[in-house]
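Working notes, structure below.
2 protein chains.
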Amino acid sequence: MANLKAVESWLAAADKPKVNIKVVLEGEEESGSENINAFIARHPERLAADIAMISDGAILAPDQPSLTYGLRGVTALELHVSAPVSDLHSGHWGGSVHNPIQALCEIIAQLHDENGAVSVPGFYDDVAAVTAQDRALLEKVEPFMQAEWDDVVNAPAIWGEPEYILPERLGARPTLEINGIHGGYTGDGMKTVLPARAFAKITCRLVPRQDPDRALNCVVEHIKRIAPETINVDFQFGGMGAEAVLLDVDGPAMSAAAAAYTHAWGVEPVFERAGGSVPITFECMKVAKEVVIMSYGLKSGRAHGPNENIYLQNFSNGIQSTIKFIDVVGENRG
Amino acid sequence: MANLKAVESWLAAADKPKVNIKVVLEGEEESGSENINAFIARHPERLAADIAMISDGAILAPDQPSLTYGLRGVTALELHVSAPVSDLHSGHWGGSVHNPIQALCEIIAQLHDENGAVSVPGFYDDVAAVTAQDRALLEKVEPFMQAEWDDVVNAPAIWGEPEYILPERLGARPTLEINGIHGGYTGDGMKTVLPARAFAKITCRLVPRQDPDRALNCVVEHIKRIAPETINVDFQFGGMGAEAVLLDVDGPAMSAAAAAYTHAWGVEPVFERAGGSVPITFECMKVAKEVVIMSYGLKSGRAHGPNENIYLQNFSNGIQSTIKFIDVVGENRG
């Protein structure tokens, strides 16, 4: 706890903040964040701010701070395929019925091309291009992400759009993912059933400028178009929908955050785009002119899991960089 | 029960059989037939016969008797696809990993062509051709099968190899069927998992001359060939394997059976090929020179289900045709 002594001296040395500070604590993030968004929406005037600073997430490595300037959005659907009116004996009827599992697989196989791009017409229409600045920023992140991929994913080979580097595939490009599939008999041994139905759960990660409803509609219309007349398709919509977020890397809040990280770590932060979502970001963008995500976890910190932890050096560097951030913002406004 | 009176008078009028009769009763068919095959295999000399008559199955309709001259065989496998070492967050890693569900679907989509034929090299190599005689016989069955398809299956459209009529697709052509599939999250709502693995259960119905092991091997080798290097594939084999059966439509036993049905029903039987298997047939073929399947059920008889039933007219016609069959066989041997 030697770090806490340092914290005490920083606090003693720090001036009184030159800015007003409003603190919102979220205590329900692991149980669905039922109230925080509504709370912010209910108090737009009390919470109005120049900058909202969110401290959810992780930096790249203990000795390499990072700032997140993009989050992917998400949309979801369930695809149901049915054909015969009830489960059948595959001996009696096999060869005369388009097996719903097979038909579902044939549809899913037409949702990506051979390079891993989503082959849904219109899906990429509104996608914000990966810029030269994105590439320059994300190239610095690549070695860290590749090391983590090797450690955490460790599939036989990397996959995805070959013209994009790993951090772009993970943060700057949209995806279509099959999250679950079920049909027929899946217990021990064999049952020669020709099932009446099968379904898959599908989510798309979205990037800036993609409208969740429009992206979802592209997928639905594509599936309707390719579905053969030998089967029925039905859709269920789960209400999961969020737009992607892109924060201004060159904005004053982000610059202040970068200066603060550099001060605390002695190392300039790199800028990354996260593949997941931080839903609170959207509500914060409604009440604050700028949003910055200053994370202090590590990806190895077992977020939401047993033995969740924060690296002690990140804890003290976090306090130090937060103090510095408030200083810099105050001076900028001074 | 007026029919029983008729039965009594037939029995009274019938001569003493001119052939020896050995009766084997199977009482375990609904609980897996654990002992009957072994029993026959243990007593080849006691059970040696010129003709084995099996009365399992159903005729086409109460006023249209039918004789089954073919049964399909079967072989089975489980296909497992895996990629990342554990389930992942689809937001964090989606776009960089070949999703095992997607990869499994892409493999399954390459097991049939657009006409419903199995697109596995070598799969049809040994398949006995559908002959002109088959076509002539099975055309007579087609209207009955189509009516049953409309009633029992009732899918949006019929499916399968367009150059074969329905009774050929169901009895004379091999199939590859997906009996079950599972991967990822399949409960209520959505979980944005990118699963580590997915699997499918697959069976092939086989026709005469196809060796179950060879057919299975063709499927396995095809899948290994098309599986991309971004995933792992593994196979499990369930031990389900049976050759198809083709009985001689023009043989003396079948001719006697046809004469017996015509006598009892006043209508000549049609000849059909069943899509499923009657496993006892194989053992019977080892102890008897000829096998004939004389069925007296109806397809609406709820075989193996609640309220299983036999149509009374079939019951009395069955007794009458069995008496006639024994007569004809005896006279032929006279």
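For the record, the sequence lines run as chains A and B.
Residue 248 in my numbering sits at position 195 of the first sequence; the count goes up by one each step and never skips.
Residue 271 in my numbering sits at position 218 of the second sequence; the count goes up by one each step and never skips.
Where a beta carbon is used, it is the ideal one built from N, C-alpha and C, also for glycine.
Asked                                                                                                                                                                  : Found
Going along the stretch 140–174 of chain B in order, which residues come within less than 7 Å of chain A, judged by CB to CB distance?                                 : L141, H142, S143, G144, H145, W146, G147, G148, S149, V150, H151, N152, I154, Q155, C158, E159, I161, A162 and H165
How many Å lie between Y122/A and D116/A at the Cα?                                                                                                                    : 19 Å
Quick check: is the beta carbon of N360/A nearer than 8 Å to any beta carbon in chain B?                                                                               : no
Could you check where the beta strand (DSSP E) with T128/B kicks off and where it finishes?                                                                            : G126 to S135
Since T256/B and E230/B are thought to touch, with beta carbons under 8 Å apart, how far apart are those beta carbons, to the nearest angstrom?                        : 5 Å
Going by DSSP in three states, M338/A sits in which element: helix, strand or coil?                                                                                    : helix
Where does M293/B sit, in a helix, a strand or coil, going by DSSP?                                                                                                    : coil
Run down chain B in chain order and give the residues with a C-beta less than 8 Å from the C-beta of R125/A.                                                           : G144
So is Y238/B in contact with chain A if we call contact Cβ pairs under 8 Å?                                                                                            : yes
I need the straight-line Cα distance from R222/B to K254/B, nearest angstrom please.                                                                                   : 21 Å
Where does S386/A land, buried or exposed, given buried means 16+ other C-beta within 10 angstroms?                                                                    : A small correction: the amino acid at residue 386/A is Arg; Ser does not occupy that position in the sequence shown. Answer is exposed; the Cβ neighbour count stays below 16.
Along the stretch 222–234 of chain B, where does the CB come closer than 7 Å to a CB of chain A? Name the residues.                                                    : R222, L223, R226, T228, E230, I231, N232, G233 and I234
Would you list, in chain order, the members of the stretch 317–334 of chain B that have their beta-carbon closer than 7 Å to a beta-carbon of chain A?                 : G328, G329 and S330
Just to confirm my understanding: we take A170/A, look at its own chain, exclude 5 residues before and 5 after, and list those with CB closer than 7 Å. What are they? : E214
Short of 7 Å in beta carbon distance, which residues of its chain neighbour Q163/A, apart from the five on each side in sequence? Order them along the chain.          : S172 and I279
Can you tell me where the alpha helix (DSSP H) holding I104/A begins and where it ends?                                                                                : Segment A102 to I107 is the beta strand (DSSP E) holding I104/A; no alpha helix (DSSP H) there.
For T256/B, report the span of its beta strand (DSSP E) as first-last.                                                                                                 : R250 to L259
Take L201/A and list the residues in its own chain whose beta-carbon comes closer than 7 Å to its own, dropping the five residues that flank it on each side.          : Looking at the sequence itself, residue 201/A is Glu, so the reference to Leu does not match. K352, listed in sequence order.
If you pair each beta-carbon of the stretch 187–207 of chain A with each one of the stretch 188–204 of chain B, do three or more pairs fall below 8 Å?                 : no
For the stretch 281–292 of chain B, which residues have a CB atom closer than 7 Å to at least one CB atom of chain A, in sequence order?                               : E282, T283, I284, N285 and G291
Using CA atoms only, rank isn't needed, just tell me which of N73/B, A66/B, G371/B and A102/B is closest to K342/B.                                                    : A102/B
Buried or exposed: G242/B, going by 16 or more other Cβ atoms within 10 Å of its Cβ?                                                                                   : exposed
With the cut-off set at 8 Å, would you say T245/A and H142/A are in Cβ contact?                                                                                        : yes
Shortest alpha-carbon distance to R99/B belongs to which of K339/B, T375/B and M347/B?                                                                                 : K339/B
Between which two residues does the alpha helix (DSSP H) containing V194/B stretch?                                                                                    : A185 to E201
Could you name the residues that DSSP lists as bridge partners for A208/A?                                                                                             : DSSP, once it has assigned bridges, lists no residue as partnering A208/A.
Could you name the residues of chain B that A251/A contacts, counting a contact when the two beta carbons are closer than 8 Å?                                         : I234
With a Cβ-Cβ cutoff of 8 Å, do L132/B and I276/B count as a contact?                                                                                                   : yes
Would you mind stating whether M106/B and F335/B have Cβ atoms separated by less than 8 Å?                                                                             : no
So what does DSSP say about D264/A, is it helix, strand or coil?                                                                                                       : coil
Name the chain C residues that come within less than 7 Å of L299/A, Cβ to Cβ?                                                                                          : Here chain C cannot be found, since the structure's protein chains are A and B.
Confirm, please, whether the CB-CB distance from G233/B to G236/A is below 8 Å.                                                                                        : yes
Taking the alpha-carbon of G329/A as reference, which of T315/A, G126/A, V382/A and S62/A has the nearest alpha-carbon?                                                : G126/A
Anyone know if the C-beta pair for D140/B and P248/B falls short of 8 Å?                                                                                               : yes
Which same chain residues, not among the five before or five after N73/A, have their C-beta less than 7 Å away from its C-beta?                                        : none
Beta carbons nearer than 8 Å to chain B: which residues of the stretch 183–212 of chain A have them?                                                                   : W202, V205, V206, N207, A208, P209, A210, I211 and W212
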